[in-house]
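K.L.:
Residues -27 to -1, 1 to 278 in mature numbering (1 follows the signal peptide of the UniProt record, and there is no 0) are what the sequence shown lists, from first letter to last.
Just so you know, even glycine gets a beta-carbon here, dropped at the ideal spot from N, CA and C.
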Amino acid sequence: MKAKSSILALGIGVALSGMMATSQAQAGVLGSSIFEISNFFIQNADGNVPTGITINSDVRNGEIAVGLNGVNTGNTGNAGGSGNLNILPVQLGAPANILGDNSTAILPDGSGTFSRSDLFVSGTIFGTGGQGLTRSDAYALSGDNQGNANSTIANNVLATYSITVEADTSAQFVTDADVYLKAFVSNDLFNTASSANASISFSVDVKNSSGTTIFAWAPEELNRGVAAFGVAGFNDVGGFNAYTGLASGFQTLSTGVYSVTIQQKSTAREVAVNQIPEPSIIVLLGIGLVGFGFVSRSKGSSLQA
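#1: Take S159 and list the residues in its own chain whose beta-carbon comes closer than 6 Å to its own, dropping the five residues that flank it on each side.
#2: How would you label P68, buried or exposed, when you count the other beta carbons within 10 angstroms and need 16 or more for buried?
#3: Please report the straight-line C-alpha distance between V152 and I173, rounded to a whole angstrom.
#4: Rounding to the nearest angstrom, what Cα-Cα distance links T24 and V138 in this structure?
#5: Determine the DSSP secondary structure at A74, reduced to helix, strand or coil.
#6: CB G47 to CB G120, shorter than 9 Å?
#7: Return the CA-CA distance between R197 and N29, expressed in angstroms with no decimal places.
#8: Could you tell me the alpha carbon to alpha carbon distance between N51 and G102, rounded to whole angstroms?
#9: According to DSSP, what are the bridge partners of G43?
#10: For N196, which of helix, strand or coil comes out of DSSP?
#11: Given N247, which residues of its chain have a CB within under 6 Å of its CB, disregarding the five upstream and five downstream residues?
#12: So the candidates are R108, V204, I37; which of them puts its Cα closest to the Cα of T165?
#13: Can you list, in chain order, the residues of its chain with a C-beta nearer than 7 Å to that of N128? Leave out the 5 residues immediately preceding and following it.
#14: In angstroms, rounded to a whole number, what distance separates the CA positions of F8 and I26?
#15: What residue range does the beta strand (DSSP E) around S168 cover?
#16: Rounded to a whole number of angstroms, what is the C-alpha to C-alpha distance between S5 and D149?
What follows is the structure, encoded as structure tokens:
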């Protein structure tokens, strides 16, 4: 009986140490979307900005928002006359100041538990070339955290132009873009409800003076997303892509007044669900098992007596 009690005590020790090791595991979930537009122009068949286009007005607005574990915050801004629109990063969680303003650095897995958004726009497609950066990151280093980061320019509007075309012309939009999309769920959260996603969108819409869309462009390369889940085969997706010279194809713009709306957006969301028992529960369970082993040894001693 004494031998059986020793084996039982050994089994309890192994089981308890295994549960404690599991409870200390580092789980991680992240969604990251970095979307940079550059060299964005309207050009004619000769590759030049068409002449005879007058900008009547140029307005750009921006809005960024982040949330973490039920807490939400954000910021807005606007600029006109081709001025820069720079909304400083907004972040919840830690570590703070992990990235600088307008950074495109890619963060490693396990960077912390935070949600962060950033936004920057400059230039004009009718001359200097438009530039735009939207960034969203949502990271959770351990379970039981929920985060989302949305970096949106003016509720899907980056800039709205009113232009006058003084003579019929054929033109197209062209741009370069760098895209990083990542969705990741660590193996610690296998078969849980944990999930992450990251996406981008970009579009150009041209309307005539009566409000009818005469031309729309939304390249599939810049309208997509990735998603990861706590199940086999879907826990680490995405990566970096660079696109050069994406072009809309040519469209004839007749003499008249038009509105041109450019939209750019990036989003990231994650939910980490940790189903590992709380440490306090494990400790109580361990005490109960040790007590059971002690009682078993006591009974064995009584029988031998």
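P.N.:
Result, derived from the coordinates:
#1: Closer than 6 Å at the Cβ level, and outside the excluded window around S159, lie A(-1), G1.
#2: Burial call: exposed.
#3: V152 and I173: Cα-Cα distance of roughly 8 Å.
#4: In this structure, the straight-line span from the alpha carbon of T24 to that of V138 is close to 9 Å.
#5: In the sequence as presented, Ala is not what sits at residue 74; that position holds Asp. If DSSP states are grouped into helix, strand and coil, D74 belongs with coil.
#6: In terms of Cβ geometry, G47 and G120 do not form a close pair [threshold 9 Å].
#7: Distance between the alpha carbons of R197 and N29 is about 33 Å.
#8: If I take the Cα positions, the gap works out to 19 Å.
#9: Residue pairing for G43: DSSP places it in no beta bridge.
#10: Looking at N196 - three-state DSSP - the assignment turns out to be coil, as it is neither helix nor strand.
#11: A(-1), G116, D117, listed in sequence order.
#12: For the residues R108, V204, I37, the minimum Cα distance to T165 belongs to V204.
#13: Low confidence applies here, because N128 scores a pLDDT of 37, under 50, leaving its location unreliable; read the following figure in that light. Excluding the 5 residues flanking it on each side, N128 has same chain C-beta neighbours closer than 7 Å at E36, in chain order.
#14: Looking at the two C-alpha atoms, the distance is approximately 29 Å.
#15: Counting along the chain, the beta strand (DSSP E) containing S168 begins and ends at 168 to 180.
#16: The straight-line gap from Cα to Cα measures roughly 20 Å.
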